[in-house]
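Visitor: Structure below; questions to follow.
2 protein chains.
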Amino acid sequence: MTDKQKLLVVGSVALDDIETPFGRRESSLGGSAVFFSWASSLFSPSSMVGVVGEDFPERYIRDLKERGIDTKSLKTAPGKTFHWEGKYEYDLNIAHTLKTELNVFENFKPELTEEQKESKYLFLANIDPELQLEVARKMNSPEIVAMDTMNFWIENKRKELIKTLEVVDYLMINDAEARQLGESSNLIKASNNIFKMGPEVIVVKQGEYGVTVFFADGRSRKIEVFSAPSVPLENVVDPTGAGDSFAGAFMGYIAAKGSTENSVLRQAVILGSVVASYTVEGFSIDRLKDIGIKDVKDRFKYLKKISHFEDI
Amino acid sequence: MTDKQKLLVVGSVALDDIETPFGRRESSLGGSAVFFSWASSLFSPSSMVGVVGEDFPERYIRDLKERGIDTKSLKTAPGKTFHWEGKYEYDLNIAHTLKTELNVFENFKPELTEEQKESKYLFLANIDPELQLEVARKMNSPEIVAMDTMNFWIENKRKELIKTLEVVDYLMINDAEARQLGESSNLIKASNNIFKMGPEVIVVKQGEYGVTVFFADGRSRKIEVFSAPSVPLENVVDPTGAGDSFAGAFMGYIAAKGSTENSVLRQAVILGSVVASYTVEGFSIDRLKDIGIKDVKDRFKYLKKISHFEDI
Numbered sequence: 001m002t003d004k005q006k007l008l009v010v011g012s013v014a015l016d017d018i019e020t021p022f023g024r025r026e027s028s029l030g031g032s033a034v035f036f037s038w039a040s041s042l043f044s045p046s047s048m049v050g051v052v053g054e055d056f057p058e059r060y061i062r063d064l065k066e067r068g069i070d071t072k073s074l075k076t077a078p079g080k081t082f083h084w085e086g087k088y089e090y091d092l093n094i095a096h097t098l099k100t101e102l103n104v105f106e107n108f109k110p111e112l113t114e115e116q117k118e119s120k121y122l123f124l125a126n127i128d129p130e131l132q133l134e135v136a137r138k139m140n141s142p143e144i145v146a147m148d149t150m151n152f153w154i155e156n157k158r159k160e161l162i163k164t165l166e167v168v169d170y171l172m173i174n175d176a177e178a179r180q181l182g183e184s185s186n187l188i189k190a191s192n193n194i195f196k197m198g199p200e201v202i203v204v205k206q207g208e209y210g211v212t213v214f215f216a217d218g219r220s221r222k223i224e225v226f227s228a229p230s231v232p233l234e235n236v237v238d239p240t241g242a243g244d245s246f247a248g249a250f251m252g253y254i255a256a257k258g259s260t261e262n263s264v265l266r267q268a269v270i271l272g273s274v275v276a277s278y279t280v281e282g283f284s285i286d287r288l289k290d291i292g293i294k295d296v297k298d299r300f301k302y303l304k305k306i307s308h309f310e311d312i
Numbered sequence: 001m002t003d004k005q006k007l008l009v010v011g012s013v014a015l016d017d018i019e020t021p022f023g024r025r026e027s028s029l030g031g032s033a034v035f036f037s038w039a040s041s042l043f044s045p046s047s048m049v050g051v052v053g054e055d056f057p058e059r060y061i062r063d064l065k066e067r068g069i070d071t072k073s074l075k076t077a078p079g080k081t082f083h084w085e086g087k088y089e090y091d092l093n094i095a096h097t098l099k100t101e102l103n104v105f106e107n108f109k110p111e112l113t114e115e116q117k118e119s120k121y122l123f124l125a126n127i128d129p130e131l132q133l134e135v136a137r138k139m140n141s142p143e144i145v146a147m148d149t150m151n152f153w154i155e156n157k158r159k160e161l162i163k164t165l166e167v168v169d170y171l172m173i174n175d176a177e178a179r180q181l182g183e184s185s186n187l188i189k190a191s192n193n194i195f196k197m198g199p200e201v202i203v204v205k206q207g208e209y210g211v212t213v214f215f216a217d218g219r220s221r222k223i224e225v226f227s228a229p230s231v232p233l234e235n236v237v238d239p240t241g242a243g244d245s246f247a248g249a250f251m252g253y254i255a256a257k258g259s260t261e262n263s264v265l266r267q268a269v270i271l272g273s274v275v276a277s278y279t280v281e282g283f284s285i286d287r288l289k290d291i292g293i294k295d296v297k298d299r300f301k302y303l304k305k306i307s308h309f310e311d312i
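These protein sequence lines map, in sequence, to chains Z and L. Those letters in the first sequence? Residues 1 to 312, by this note's numbering. Those letters in the second sequence? Residues 1 to 312, by this note's numbering.
Following this line, the structure appears as structure tokens:
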């Protein structure tokens with residue numbers, strides 16, 4: 001298997017209209033699979049499964065290919081591309097969805113090539129849990145299956161979501177959603193409940209407060225914790241794609257290292273925070289296009305510095 | 001000057017009725033000065049300025065004295081002790097105040113002994129900013145003046161609060177209150193605005209998400225940041241006193257080290273988080289009474305472990 005097929009992502013490819021206090025963008029390139037694969041490509045090339053409509057600009061596909069992203073399974077279907085319209089208020093913490101048009105995504109049937117089925121690492125971005133499970137089942141024993149989800153699925157497809165979680169190793173989820181899924185306001189208790197559903201690592205994204213990771217240790221029945229800061233930012237332009245960029249860098253680094261040792265996972269979390277911090281400094285993938293591994297290393301070092309304290 | 005007079009705190013001493021999902025306590029020992037001095041005494045003895053009523057149990061004074069806390073300026077006035085009644089809902093994040101009876105605190109006139117005026121470290125707990133300034137002005141050039149405040153004073157005595165901040169070195173404040181005081185939803189921008197009011201260090205307490213500290217660097221005009229995790233807790237019994245215990249351990253360690261070097265401040269923050277984590281595991285000062293320096297060191301090491309990541 002070549003390097004190209006190591007990391008597979010299934011998710012949305014979108015044309016978004018986004019308004020923040022810092023500007024407005026129309027028909028801008030978005031979607032979970034786009035942010036994920038653009039971020040992961042800083043470390044490891046990835047292969048994308050998704051669908052776009054006939055309105056999807058050819059130049060975006062070209063950009064993805066030039067970035068080294070495999071778009072063989074990014075299909076074009078009759079109709080319009082998945083479209084999201086959102087607005088962020090002054091504090092940028094809450095996205096108000098103004099419109100969601102599934103369009104070609106409504107009848108999306110993910111199809112994987114034989115090569116893709118052999119991928120070692122699979123990321124199921126935030127889509128319908130039944131679709132997520134369908135993709136996971138097509139795979140030939142991947143080493144790690146990671147997924148994202150959201151309150152909508154927790155509320156409306158809890159049963160299906162729990163079924164999908166059975167085949168998932170790493171769950172990446174927002175703070176409030178972790179408590180909702182784990183049915184406890186206490187994160188440790190919520191994590192213990194989620195561990196029973198299948199995942200052995202829960203990456204809880206806490207926005208500007210950083211990330212807390214819970215590792216299940218089957219033998220000791222104790223939870224191991226990793227607590228990571230976020231990069232303090234003075235100028236957040238558009239938070240869209242932060243979580244998917246985080247996941248992309250996280251999985252991309254794991255694929256590049258070919259290891260899921262605890263020390264590698266910790267570094268992957270920090271790299272996820274770093275890449276997400278760049279994403280939110282611009283609209284769409286604008287900032288991601290700008291940065292290279294040197295920029296990533298700079299902020300990695302910065303996070304090391306701001307979280308350092310000496311033994312007493 | 002003896003060691004005893006190095007650290008001075010002015011704040012409330014209270015008899016609280018507290019209800020949490022885990023139980024109910026009536027007339028339990030509370031107040032900012034109590035939590036502060038009990039926590040600080042793990043590292044350095046302190047002296048307390050405050051007032052209690054005639055109903056205040058003699059045994060509580062005895063406990064404080066036995067702990068090595070100087071209570072010479074803890075006056076007994078005719079009437080009842082300051083009384084707070086609060087209730088925490090299931091998620092323990094929000095305290096609902098059911099009743100606040102100032103009682104003897106209404107006419108509290110802080111008086112300092114000549115020895116106390118020579119203290120090197122002063123903590124102005126969360127009381128009326130005019131009272132805080134009055135105490136700060138009685139001092140003979142203390143090395144560090146630190147203070148806490150809350151939304152009530154920011155909203156109702158903003159002018160007086162800003163006047164007090166002029167003489168303050170370290171501000172310890174909740175996340176939402178820092179944004180409110182600094183008039184920006186962005187913490188870096190808010191901190192820059194607060195720096196202009198006087199403080200050079202802003203300790204932003206973020207509850208279970210940890211603590212972020214902003215250090216003003218006058219020369220480079222750049223902010224230095226320290227980001228500290230909190231101790232993940234499965235069993236929080238009563239959050240009352242967390243912030244004051246944090247401040248107590250923080251200031252107590254600084255007083256014990258006799259240093260305000262950046263590396264000492266970082267350790268002091270971690271120790272603040274550690275001691276606060278014990279406080280909330282019981283009502284009143286129950287847990288603080290139980291623990292010793294070994295317990296503190298254990299959780300310090302634990303925080304080191306859960307925040308560790310290797311260079312890439």
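Backbone N, C-alpha and C fix where the C-beta goes; we use that ideal spot for every residue, glycine too. Since the model is a prediction, treat every value here as computed from it, not as a measurement.
In whole angstroms, what is the alpha-carbon distance linking K205(L) and V237(L)?
Guide: For the purposes of this step, residue 205(L) is identified with residue 205 of the second sequence, where counting begins at 1. For the purposes of this step, residue 237(L) is identified with residue 237 of the second sequence, where counting begins at 1. The straight-line gap from Cα to Cα measures roughly 19 Å.
Visitor: Tell me whether V236(Z) sits in a helix, a strand or coil according to DSSP, three-state version.
Guide: Taking the first sequence and counting its residues from 1, the one referred to as residue 236(Z) is at position 236. Reduced to three states, the DSSP call for V236(Z) is coil.
Visitor: Output, in chain order, the set of chain Z residues within a Cβ distance shorter than 8 Å of K304(L).
Guide: Within the second sequence, the letter at position 304 stands for residue 304(L). Those are F309, D311, listed as they occur along chain Z.
Visitor: What is the residue span of the alpha helix (DSSP H) that Y170(Z) lies within?
Guide: Here residue 170(Z) corresponds to residue number 170 of the first sequence, with the count starting at 1. Careful: Y170(Z) lies outside any alpha helix (DSSP H), inside the beta strand (DSSP E) at 170-174.
Visitor: Taking only the alpha-carbon atoms, compute the straight-line gap between I94(L) and I162(Z) and give it to the nearest angstrom.
Guide: Position 94 of the second sequence, counting from 1, holds the residue named residue 94(L). Position 162 of the first sequence, counting from 1, holds the residue named residue 162(Z). Going by the C-alpha atoms only, they are around 31 Å apart.
Visitor: Show which residues of chain L have a CB atom less than 7 Å away from the CB atom of I173(Z).
Guide: Along the first sequence, one-based indexing puts residue 173(Z) at 173. Ordered by position in chain L, no residue passes the 7 Å Cβ test against I173(Z), which lies about 16 Å from the chain.
Visitor: Taking only the alpha-carbon atoms, compute the straight-line gap between D148(Z) and S40(Z) and give it to the nearest angstrom.
Guide: For the purposes of this step, residue 148(Z) is taken as residue 148 along the first sequence, with counting starting at 1. For the purposes of this step, residue 40(Z) is taken as residue 40 along the first sequence, with counting starting at 1. Going by the C-alpha atoms only, they are around 15 Å apart.
Visitor: According to the Cβ coordinates, are F214(Z) and S184(Z) closer than 8 Å?
Guide: Taking the first sequence and counting its residues from 1, one reaches residue 214(Z) at position 214. Taking the first sequence and counting its residues from 1, one reaches residue 184(Z) at position 184. In this structure, S184(Z) does not lie closer than 8 Å to F214(Z) by Cβ.
Visitor: Do you know offhand how far E66(L)'s Cα is from T100(L)'s?
Guide: Reading the second sequence from its first residue, position 66 is the one you call residue 66(L). Reading the second sequence from its first residue, position 100 is the one you call residue 100(L). Approximately 29 Å between the Cα atoms of the pair.
Visitor: Going by Cα to Cα distance, which pick from Q180(Z), I144(Z), E281(Z) is closest to E155(Z)?
Guide: As a position in the first sequence, residue 155(Z) is number 155, starting the count at 1. Ranking the options by Cα distance to E155(Z), first place goes to Q180(Z).
Visitor: Identify, in the order they occur along the chain, each residue of the same chain with its Cβ nearer than 8 Å to the Cβ of L133(Z), setting aside the five sequence neighbours on each side.
Guide: Numbered from its first residue, the first sequence carries residue 133(Z) at position 133. E160, K163, T164, V167, listed in sequence order.
Visitor: Between the C-alpha atoms of A268(L) and I69(L), what's the straight-line distance to the nearest angstrom?
Guide: Within the second sequence, numbered from 1, the residue matching residue 268(L) stands at position 268. Within the second sequence, numbered from 1, the residue matching residue 69(L) stands at position 69. So the two alpha carbons sit approximately 20 Å from each other.
Visitor: Tell me the rounded alpha-carbon separation between T20(L) and F283(L).
Guide: Against the second sequence, residue 20(L) aligns to sequence position 20. Against the second sequence, residue 283(L) aligns to sequence position 283. Distance between the alpha carbons of T20(L) and F283(L) is about 9 Å.
Visitor: What's the C-alpha gap between A255(L) and S46(L)?
Guide: Locating residue 255(L) in the second sequence gives position 255, where the first residue counts as 1. Locating residue 46(L) in the second sequence gives position 46, where the first residue counts as 1. Approximately 9 Å between the Cα atoms of the pair.
Visitor: Is DSSP giving L187(Z) helix, strand or coil here?
Guide: Here residue 187(Z) is taken as the residue at index 187 of the first sequence, counted from 1. Residue state, collapsed to three classes: helix.
Visitor: Can you look up N30(L) in the DSSP assignment and give me helix, strand or coil?
Guide: Sequence index remark: in the second sequence, residue 30(L) carries index 30 (1-based). The residue you asked about is not Asn; residue 30(L) is Gly in the sequence shown. The answer is strand: DSSP assigns G30(L) an E or B state.
Visitor: So with CB distances below 9 Å, who are the chain L contacts of P232(Z)?
Guide: The residue given as residue 232(Z) occupies position 232 in the first sequence. Under the 9 Å cutoff, chain L gives L187, I188, T212, F214, I223, V225, S227.
Visitor: DSSP state of I144(L), grouped into three classes?
Guide: Numbered from its first residue, the second sequence carries residue 144(L) at position 144. Note: I144(L) maps to strand in three-state DSSP.
Visitor: Do you know whose CA, among A176(Z), D169(Z), D128(Z), lies nearest G198(Z)'s CA?
Guide: Counted from its first residue, the first sequence places residue 198(Z) at position 198. If we check each option's Cα against that of G198(Z), D169(Z) comes out closest.
Visitor: I'd like to know if Q206(L) contacts chain Z, where contact means its C-beta is closer than 8 Å to some C-beta of that chain.
Guide: Your numbering for residue 206(L) matches position 206 in the second sequence. Answer yes: the Cβ-Cβ gap between Q206(L) and chain Z drops below 8 Å somewhere.
Visitor: In angstroms, rounded to a whole number, what distance separates the CA positions of A146(Z) and L122(Z)?
Guide: If you number the first sequence from 1, residue 146(Z) lands on position 146. If you number the first sequence from 1, residue 122(Z) lands on position 122. Their backbone Cα atoms lie some 6 Å apart in a straight line.
Visitor: Could you check where the alpha helix (DSSP H) with L64(L) kicks off and where it finishes?
Guide: Stepping through the second sequence from its first residue, residue 64(L) is reached at position 64. Where L64(L) is concerned, the enclosing alpha helix (DSSP H) stretches over 58-66.
Visitor: Determine the contact status of V10(Z) and A178(Z), defining contact as a CB-CB distance below 8 Å.
Guide: Locating residue 10(Z) in the first sequence gives position 10, where the first residue counts as 1. Locating residue 178(Z) in the first sequence gives position 178, where the first residue counts as 1. Going by C-beta atoms, V10(Z) is not nearer than 8 Å to A178(Z).
Visitor: Judging by CA-CA distance, which residue of T212(Z), S277(Z), L74(Z), V135(Z) is the nearest neighbour of F246(Z)?
Guide: The count along the first sequence starts at 1 and reaches residue 246(Z) at position 246. Checked all of T212(Z), S277(Z), L74(Z), V135(Z); the closest Cα to F246(Z) is S277(Z).
Visitor: List the residues that DSSP assigns as beta-bridge partners of R24(Z).
Guide: As a first step, residue 24(Z) is located in the first sequence; it is residue number 24 there, counting from the start. E19(Z), per the DSSP bridge assignment.
Visitor: Is it true that the CB of L102(Z) sits closer than 8 Å to the CB of S44(Z)?
Guide: As a first step, residue 44(Z) is located in the first sequence; it is residue number 44 there, counting from the start. As a first step, residue 102(Z) is located in the first sequence; it is residue number 102 there, counting from the start. Taking 8 Å as the Cβ cut-off, S44(Z) and L102(Z) do not qualify as a contacting pair.
Visitor: Can you tell me the Cα-Cα spacing of V296(L) and G272(L), whole angstroms?
Guide: Residue numbering aside, residue 296(L) sits at position 296 when the second sequence is read from its first letter. Residue numbering aside, residue 272(L) sits at position 272 when the second sequence is read from its first letter. Cα-Cα distance, rounded: 10 Å.
Visitor: I want to verify the contact list: residues of chain L whose CB lies under 7 Å from the CB of F300(Z), in sequence order.
Guide: Position 300 of the first sequence, counted from the start, is the residue given in the question as residue 300(Z). Those are I312, listed as they occur along chain L.
Visitor: Look up D217(L) in the DSSP assignment and say whether it is helix, strand or coil.
Guide: Working through the second sequence from its first residue, we reach residue 217(L) at position 217. In the structure shown, D217(L) sits in a strand (DSSP, three-state: E or B).
Visitor: If we define contact as Cβ-Cβ less than 8 Å, is G292(Z) a contact residue for chain L?
Guide: The residue given as residue 292(Z) occupies position 292 in the first sequence. No - not a single Cβ of chain L is within 8 Å of the one on G292(Z).
Visitor: Rounded to a whole number of angstroms, what is the C-alpha to C-alpha distance between E33(Z) and Y60(Z)?
Guide: Counted from its first residue, the first sequence places residue 33(Z) at position 33. Counted from its first residue, the first sequence places residue 60(Z) at position 60. For clarity, residue 33(Z) is Ala in the given sequence; the question names Glu instead. Looking at the two C-alpha atoms, the distance is approximately 13 Å.
Visitor: Over what stretch of residues does the beta strand (DSSP E) that includes T71(L) continue unbroken?
Guide: As a position in the second sequence, residue 71(L) is number 71, starting the count at 1. Note, T71(L): beta strand (DSSP E), 70-76.
Visitor: Would you mind sorting K305(Z) into buried or exposed? The rule is 16 or more other CB atoms within 10 Å of its CB.
Guide: Numbered from its first residue, the first sequence carries residue 305(Z) at position 305. K305(Z) should be labelled exposed.
Visitor: Assuming E115(L) is part of the beta strand (DSSP E), what are its boundary residues?
Guide: Counting from one through the second sequence, the residue named residue 115(L) turns up at place 115. Segment 114-117 is the alpha helix (DSSP H) holding E115(L); no beta strand (DSSP E) there.
Visitor: With C-beta atoms as the reference, is A176(L) less than 8 Å away from W84(L)?
Guide: On the second sequence, residue 176(L) is found 176 positions in, with the first residue counted as 1. On the second sequence, residue 84(L) is found 84 positions in, with the first residue counted as 1. Not a contact, by the Cβ cut-off of 8 Å.
Visitor: If you draw a straight line from the alpha carbon of D128(L) to that of W153(L), how long is it in whole angstroms?
Guide: Within the second sequence, the letter at position 128 stands for residue 128(L). Within the second sequence, the letter at position 153 stands for residue 153(L). Straight-line Cα distance between these residues: approximately 7 Å.
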